[in-house]
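Data block below; observations after.
In the working numbering, the protein residues as written are 13 to 135.
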């Protein structure tokens with residue numbers, strides 16, 4: 013990466029993380045039950061963690077809290093390996109079809125995830 017301004021050099025790792033995360037999200041497909049899996053929404057709200065101002069699909073809630081944005085990324089990766097989300101995933105806002113389910117009051121999160129008890133973490 014070539015940057016003319018020295019201040020921009022500080023942003024180079026963030027730019028690389030943005031590109032890697034965006035490319036990885038293009039590979040993820042989400043589906044419920046027997047429905048055909050679909051790609052994530054083209055407005056990747058997950059990238060808001062690495063940007064100054066969050067961008068979300070129309071009608072989706074804007075999340076400004078860094079902890080919640082980071083938790084959404086972690087939980088999406090947990091789902092990719094078959095683990096249940098801990099919190100703040102908001103999967104219903106990540107794809108078009110699932111978002112339409114959320115608007116009508118249906119939960120897009122699989123029942124197996126919702127019914128999975130959380131393990132106690134020893135202090």
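Note that beta-carbon positions come from the ideal geometry of N, C-alpha and C, so glycine has one too.
Here the structure is a predicted model, which means the values were calculated and not measured.
In this structure, residue 61 sits near residue 85, with a CB-CB distance shorter than 8 angstroms. In this structure, 30 is the residue among 22, 42 and 30 with its C-alpha nearest to the C-alpha of residue 63. By the Cβ-count criterion, residue 74 is exposed, with fewer than 16 other Cβ atoms from all chains shown falling within 10 Å of its own Cβ. Note: residue 42 is bridge-paired with 50 in the DSSP secondary-structure output. Where residue 60 is concerned, there is no enclosing alpha helix (DSSP H), because DSSP gives it neither an H nor an E.
Inclusion of residue 58 and residue 37 in the CB contact set at 8 angstroms is warranted, their separation being smaller than that value.
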